Amino acid sequence: MPFRFLEDIAIADVAFSAWGETREELFSAAAEALLATMVEESSAIEPHDCETIRIGHDELDLLLFDFLSELVFLKDARRLLLRPCSLMIEGVDDGYRLEAVMKGERIDPIRHRLLVDVKGVTLHRLAVSLVNGKWQGTVVLDI
Amino acid sequence: MSLPSQLRKVSDTVWELPITYQKGMLVPARIIASEGLLARMDDGVFAQIANVACLPGVVKYVYCMPDGHWGYGFPIGGVAAMDPATGVISPGGIGFDINCGMRLVLTNLTEEEVRPRLPELVDYLFARIPTGVGCTGFVRCSRTEFRKVLEQGSRWALGKGYAWPEDLEMTEEGGCFAGADADACSDKAIERGYDQIGTLGSGNHYCEVQVARPENVFDREKAAAFGITIPNQVVIMFHCGSRGFGHQVATDYLQTFLRVMTPKYGISVHDRELACAPFRSPEGEAYFSAMKCAVNMGFVNRQVILHRLREVFSQIFHRSPEELGMGMIYDVAHNTAKLETHLVDGATRELLVHRKGATRSFGPGQEGIPERYRDSGQPVIIGGSMETGSYLLAGQATANTTFFTTAHGSGRTMSRHQAKKMIKGQKLLSDMEQRGIYVRTASYGGLAEEAGFAYKNIDEVATATELAGLSKRVVKLVPIGNIKG
Chain A
18 MPFRFLEDIA IADVAFSAWG ETREELFSAA AEALLATMVE ESSAIEPHDC ETIRIGHDEL
78 DLLLFDFLSE LVFLKDARRL LLRPCSLMIE GVDDGYRLEA VMKGERIDPI RHRLLVDVKG
138 VTLHRLAVSL VNGKWQGTVV LDI
Chain B
4 MSLPSQLRKV SDTVWELPIT YQKGMLVPAR IIASEGLLAR MDDGVFAQIA NVACLPGVVK
64 YVYCMPDGHW GYGFPIGGVA AMDPATGVIS PGGIGFDINC GMRLVLTNLT EEEVRPRLPE
124 LVDYLFARIP TGVGCTGFVR CSRTEFRKVL EQGSRWALGK GYAWPEDLEM TEEGGCFAGA
184 DADACSDKAI ERGYDQIGTL GSGNHYCEVQ VARPENVFDR EKAAAFGITI PNQVVIMFHC
244 GSRGFGHQVA TDYLQTFLRV MTPKYGISVH DRELACAPFR SPEGEAYFSA MKCAVNMGFV
304 NRQVILHRLR EVFSQIFHRS PEELGMGMIY DVAHNTAKLE THLVDGATRE LLVHRKGATR
364 SFGPGQEGIP ERYRDSGQPV IIGGSMETGS YLLAGQATAN TTFFTTAHGS GRTMSRHQAK
424 KMIKGQKLLS DMEQRGIYVR TASYGGLAEE AGFAYKNIDE VATATELAGL SKRVVKLVPI
484 GNIKG
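Heads up: the protein sequence lines correspond to chains A and B, in order. Going by my numbering, the residue at position 99 of the first sequence is 116; the numbering climbs one at a time, nothing skipped. Going by my numbering, the residue at position 384 of the second sequence is 387; the numbering climbs one at a time, nothing skipped.
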């Protein structure tokens with residue numbers, strides 16, 4: 018998977034690095050890392066439910082913060098575990114706009130091997146950058 | 004890991020980073036720790052507590068408690084007091100889990116009485132107290148009714164029959180931070196949390212059946228004042244917070260503060276997680292009101308869990324909760340900001356005290372603690388790992404050196420992934436059962452992350468707080484049963 022958990026940052030919480038050829042791939046990888054934090058074998062999540070996320074921000078890293086925060090909100094408010102089905106980021110005059118169609122299913126403690134609840138996405142060491150033609154991001158989750 | 008070269012020993016338990024340690028520090032940073040705990044403290048603590056010392060309006064010293072470790076924004080165990088007139092309020096100084104805290108409940112049962120029924124008891128607790136990712140509670144509460152929860156705190160629970168009147172007295176601030184305003188909370192926050200009342204959550208949140216063995220009682224007089232009078236007396240400790248509601252309040256205001264912090268107020272911080280606004284600003288005051296709502300949700304959450312606990316014990320032991328002596332010892336938060344009065348350099352000042360993973364510790368005779376504890380000091384509850392035990396301590400007058408604050412837990416020393424690599428959840432569960440600790444968990448992976456070896460030695464932490472004069476050990480409580488998310 019295009020992400021890995023970081024062992025030596027904020028040890029009480031969960032930090033990960035994600036990457037992709039495009040901004041969209043990076044954001045999708047970060048959503049997968051969020052899912053993998055909460056569920057073991059997240060590939061078992063079926064695409065039964067659909068939610069569309071539309072957000073914008075003038076900074077790309079804070080767009081990632083808002084995107085992941087929205088997924089954490091949907092986990093509690095709709096009890097949905099979601100992964101991107103399609104995700105588009107476009108540059109606009111005042112920054113960036115994201116539209117993501119997310120698919121997944123409601124939390125089922127019997128079928129899903131749940132790990133740990135994510136409380137929030139932190140701003141600690143949050144970063145998105147383009148390095149040698151690849152997009153990379155670092156995120157610390159509070160759990 | 005090497006300690007910062009500028010770290011200066013003030014006493015056997017106090018270590019100071021001067022303001023020259025990092026550009027922008029306004030006050031020195033003090034680490035409270037024994038030499039051993041200090042040597043094993045991770046690098047992030049020093050960098051993060053120095054960042055906190057740069058926040059506008061910070062007064063006298065910032066502190067990190069002996070259980071301190073690398074967090075986000077503030078270190079876990081971080082304490083900072085701000086001048087309300089010139090200082091800021093920062094969600095990063097409180098944490099996402101606003102009013103994460105501890106509640107300790109008495110029984111008049113002994114270990115000998117509980118042991119034969121322990122698996123049945125723990126299984127029933129696990130069935131009745133929702134745990135794990137995305138869990139919801141049994142309280143059916145509309146969004147409108149939830150707004151009353153946020154503003155009334157434990158008084159709401161009392162009105163609904165989920166509390167005994169004395170429970171409120173045994174809860175910090177009577178189970179309600181005054182001035183909570185539900186209008187300061189977003190619809191998203193309410194949507195996220197209105198059906199989570201009475202749930203534990205996951206991570207390091209747990210509900211534990213514990214024993215006060217005679218050899219673990221350090222102060223018989225204070226133990227008796229706290230209701231621990233019987234050899235091998237069973238008590239119940241639980242740890243949780245304001246659930247998704249509080250997490251969303253923190254997220255919402257981080258976003259708000261980021262937008263206004265620099266453009267509107269000209270404040271810059273070393274870590275964006277320290278995003279803040281002047282306390283006396285529309286944004287700062289709105290966050291404080293919303294934070295109080297989350298504090299109140301945390302108190303109600305623990306109150307409703309207590310209600311369920313009483314039902315479970317009553318069912319298993321065929322006596323009423325009153326007959327089982329299931330009164331509260333105390334409920335105390337460890338993630339809050341509060342306006343308090345403190346003596347600083349001989350002058351009485353009102354200060355906004357941020358405590359993130361740190362417990363208020365009021366000494367004997369101090370205003371703000373139950374009459375019952377006037378002579379003993381406020382009960383302080385320090386939760387350890389599920390394998391090693393926890394501590395009940397008493398607040399000390401000499402805690403005035405840290406704005407009356409002490410530690411909150413044992414403090415993590417190992418990453419969650421590393422812990423999972425070292426032991427499987429099923430193996431840990433069976434190992435603990437062989438040692439007489441019966442555990443039920445919603446997640447074997449989550450259980451492995453909470454293994455005792457992933458934490459500091461709780462005995463060292465509790466002892467360090469005593470040597471530093473912050474809290475006095477009363478009794479060490481050892482686990483015999485545990486449910487966790």
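Beta carbons: idealized from backbone N, C-alpha and C, even for Gly. Note that this is a predicted model, so its numbers are computed, not measured.
Could you check whether the region 335-354 of chain B touches the region 60-70 of chain B, counting it as contact only if at least three pairs of C-beta atoms, one from each stretch, sit closer than 8 Å? The answer is yes - the region 60-70 of chain B touches the region 335-354 of chain B, with three or more Cβ pairs under 8 Å.
Exposed or buried, what is residue 483 (chain B) when buried is set at 16 or more other beta-carbons lying within 10 Å of its beta-carbon? It is buried - the Cβ of residue 483 (chain B) has at least 16 other Cβ atoms within 10 Å.
Which of helix, strand or coil DSSP assigns to residue 471 (chain B): Three-state result, residue 471 (chain B): coil.
State the DSSP-derived secondary structure class of residue 242 (chain B), mapped to helix, strand or coil. For residue 242 (chain B), the secondary structure class from DSSP, reduced to helix, strand or coil, is strand.
May I have a chain-ordered list of the beta strand (DSSP E) segments no shorter than 3 residues that lie completely inside the region 78-149 of chain B? Taking only runs of at least 3 residues, the beta strand (DSSP E) segments lying wholly in the region 78-149 of chain B are 104-113.
Within the continuous beta strand (DSSP E) that includes residue 437 (chain B), where are the two ends? Where residue 437 (chain B) is concerned, there is no enclosing beta strand (DSSP E), although the alpha helix (DSSP H) around it starts and stops at 428-437.
Closer than 7 Å at the beta carbon, the chain B residues around residue 112 (chain A): Here the premise fails: no neighbours, minimum Cβ distance about 13 Å.
Of all the residues that make up the region 94-128 of chain A, which are near chain B by a beta-carbon distance shorter than 7 Å? Those would be 94, 96, 124, 126, in chain order.
Look up residue 146 (chain A) in the DSSP assignment and give the residues it is bridged to. Paired residues: A:153.
Could you give the DSSP three-state label for residue 446 (chain B): helix, strand or coil? In the structure shown, residue 446 (chain B) sits in coil (DSSP, three-state: anything other than H, G, I, E or B).
Alpha-carbon to alpha-carbon, residue 352 (chain B) and residue 476 (chain B): When only Cα atoms are considered, residue 476 (chain B) and residue 352 (chain B) end up about 29 Å apart.
Nearest-angstrom Cα separation, counted from residue 137 (chain A) out to residue 254 (chain B): Their backbone Cα atoms lie some 7 Å apart in a straight line.
Return the bridge partner residues of residue 485 (chain B) from the DSSP annotation. B:211, B:442.
If contact means a Cβ-Cβ distance below 9 Å, which residues of the region 441-472 of chain B contact chain A? Under the 9 Å Cβ criterion, the region 441-472 of chain B contributes 445, 446, 447, 448, 449, 452, 457.
Quick check: residue 47 (chain B) and residue 77 (chain B), are their CB atoms within less than 8 Å of each other? Taking 8 Å as the Cβ cut-off, residue 47 (chain B) and residue 77 (chain B) do not qualify as a contacting pair.
Using the C-alpha atoms, what's the distance from residue 69 (chain B) back to residue 22 (chain B)? If I take the Cα positions, the gap works out to 21 Å.
Using the Cβ count rule (16 or more neighbours within 10 Å means buried), how would you classify residue 329 (chain B)? Around the beta carbon of residue 329 (chain B), 16 or more other beta carbons lie within 10 angstroms, which makes this residue buried.
Where does residue 194 (chain B) fall in DSSP's three states? Assignment of residue 194 (chain B) by DSSP, reduced to helix, strand and coil, places it in the helix class.
Whole-angstrom distance between residue 88 (chain B) and residue 354 (chain B), CA atom to CA atom: Taking the straight line from one Cα to the other gives about 9 Å.
How would you list, in chain order, the residues of chain A whose beta-carbon sits under 7 Å from the beta-carbon of residue 99 (chain B)? One finds 136, 137, 159 in chain A with Cβ atoms closer than 7 Å to the Cβ of residue 99 (chain B), taken in chain order.
From residue 376 (chain B) to residue 26 (chain B), what distance separates their C-alpha atoms? If you draw a straight line from the Cα of residue 376 (chain B) to the Cα of residue 26 (chain B), it comes to about 44 Å.
Given a cut-off of 8 Å on the beta-carbon distance, is the pair residue 97 (chain A) and residue 68 (chain A) in contact? A contact, by the Cβ cut-off of 8 Å.
When the Cβ atoms of the region 181-198 of chain B are set against those of the region 449-457 of chain B, are three or more pairs found closer than 8 Å? At 8 Å Cβ cutoff, the stretches do not touch.
If the cut-off is 8 Å on Cβ atoms, which residues from the region 52-74 of chain A count as contacting chain B, listed in chain order? So the list reads 55, 56, 57, given in the order they occur along the chain.
In chain order, what are the residue ranges of uninterrupted alpha helix (DSSP H) at least 4 long that sit wholly in the region 274-339 of chain B? Counting only runs of 4 or more residues that sit fully inside the region 274-339 of chain B, the alpha helix (DSSP H) segments are 285-320, in chain order.
Nearest to residue 134 (chain B) by alpha carbon, out of B:262, B:445, B:470, B:38? The shortest Cα separation from residue 134 (chain B) among B:262, B:445, B:470, B:38 belongs to B:445.
According to DSSP, is residue 167 (chain B) part of a helix, a strand, or is it coil? Judged by DSSP in its simplified three-state form, residue 167 (chain B) adopts coil rather than helix or strand.
May I ask you to verify whether the region 196-212 of chain B touches the region 294-308 of chain B, counting CB pairs closer than 8 Å and requiring at least 3? With three or more CB-CB distances shorter than 8 Å, the region 196-212 of chain B counts as touching the region 294-308 of chain B.
Proximal residues, the region 262-289 of chain B versus chain A, C-beta separation under 7 Å: For the region 262-289 of chain B, which is checked against every Cβ of chain A, the residues closer than 7 Å are 274, 275, 276, 278.
Per-residue DSSP class, three states only, for residue 398 (chain B): If DSSP states are grouped into helix, strand and coil, residue 398 (chain B) belongs with the strands.
Below 8 Å on the Cβ atoms is my guess for residue 420 (chain B) versus residue 104 (chain B); work out the distance and round it to an integer in Å. Separation of the CB atoms of residue 420 (chain B) and residue 104 (chain B) is rounded to 27 Å, and the pair is thereby denied contact status at 8 Å.
Using the rule of at least 16 other Cβ atoms within 10 Å of the residue's Cβ for burial, across every protein chain shown, is residue 208 (chain B) buried or exposed? With 16 or more Cβ atoms within 10 Å of its Cβ, residue 208 (chain B) is classed as buried.
Classification of residue 433 (chain B) by the beta-carbon crowding that lies within 10 angstroms, buried from 16 upward: By the 16-neighbour rule on beta-carbons within 10 angstroms, residue 433 (chain B) is exposed.
Can the beta-carbon of residue 492 (chain B) be found closer than 8 Å to that of residue 478 (chain B)? For residue 492 (chain B) there is no data in the structure shown, the boundaries of chain B being 4 and 488.
Would the region 24-44 of chain A count as touching the region 145-160 of chain A if we require 3 or more Cβ pairs under 8 Å? Contact between the region 24-44 of chain A and the region 145-160 of chain A is present, because at least three Cβ pairs lie under 8 Å.
For the putative contact between residue 183 (chain B) and residue 296 (chain B), defined by C-beta atoms under 8 Å, what is the C-beta separation to the nearest angstrom? Taking C-beta atoms under 8 Å as the contact rule, residue 183 (chain B) and residue 296 (chain B) qualify, at a distance of about 4 Å.
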